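>
In the working numbering, the protein residues as written are 2 to 276.
1. Quick one: is residue 164 buried, meaning 16 or more other Cβ sit within 10 Å of its Cβ, or exposed?
2. With H, G and I counted as helix, E and B as strand and the rest as coil, what does DSSP make of residue 190?
3. Give the straight-line distance between the Cα atoms of residue 252 and residue 89, rounded to the nearest whole angstrom.
4. Let me know the secondary structure DSSP gives residue 241 once reduced to three states.
5. Assuming contact is defined by CB atoms lying nearer than 8 Å, are residue 176 and residue 148 in contact in what I supplied?
6. Is residue 237 buried or exposed, if buried means 16 or more other CB atoms sit within 10 Å of its CB?
7. Return yes when the Cβ of residue 167 is within less than 8 Å of the Cβ of residue 142, no when it is not.
8. In this structure, does DSSP put residue 235 in helix, strand or coil?
9. For the ligand MG, is there any heavy atom lying closer than 7 Å to the beta carbon of residue 230?
10. Give every residue of the same chain whose Cβ lies closer than 7 Å to the Cβ of residue 132, excluding the five residues on either side of it in the sequence, and list them in chain order.
11. Beta carbon of residue 193, beta carbon of residue 137: below 8 Å?
12. Helix, strand or coil for residue 206 per DSSP?
13. Taking only three categories from DSSP, how would you classify residue 70?
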């Protein structure tokens, strides 16, 4: 045999198709009566022709769908890029809106502070376990001085402890080195608010005979002329009177969330309330 057995059916079919096409082409040259050989060829070729036409139509439809899907994928890619761009725009305007709201609150607070003041932006945070400070983008060229009080609409943040021409370092009120003259808002009892790191603050030097309740507001007293009077410092969260000792142990949670600081107000300089 010239061909392997597995190819024989295919070869025979091809030979049959070729012979049929030759006979059909010869008969097409003749006009008139259709002879028996031609009829046989037509009967044999028609199913094959139908199969071939169906295959061509099927492949054509697949190609058209492929072209459509390629175009659809390109369109989807462009839509995804547009959606991403719009998402960035929405995020940008959302940030602008939120910043505008924060600045409105700061400007309202600025109007209530009885002294000149300037708005700054937080540009650095010291997260060490020893010191609790932030850096702001304003300095001596903006009128900042050592000891200048720093606050936001929620309350006092701290005071400036270091400054250059365009940058200042602020000691946060939760730092262990921070001590602020304070008042219990309701009773007007005086004390000193000392930072305790991220655990909050304690109000020191409140006599055990004074009535202090959980939930009492702690505000700045305005003594020493460092901080404006009446600005919120925090809220009493725990009161403990020990059997011995003159003073109570009063724990205070600060009013400001120091993990979310962005813009601040610095008072320049503050004049003590002499009333």
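Even glycine gets a Cβ: it sits at the ideal position worked out from N, Cα and C. Here the structure is a predicted model, which is why all the values come from computation and not from measurement.
Walking through what the data contain:
1. buried
2. coil
3. C-alpha separation (whole angstroms): 44 Å.
4. strand
5. no
6. Of the other Cβ atoms in all chains shown, 16 or more fall within 10 Å of the Cβ of residue 237; this residue is therefore buried.
7. yes
8. strand
9. Although the ligand MG was asked about, the structure shown includes no ligands whatsoever.
10. 176
11. Taking 8 Å as the Cβ cut-off, residue 193 and residue 137 do not qualify as a contacting pair.
12. Residue 206 falls in the coil class under three-state DSSP.
13. Residue 70 carries a helical assignment under DSSP once its states are collapsed to helix, strand and coil.
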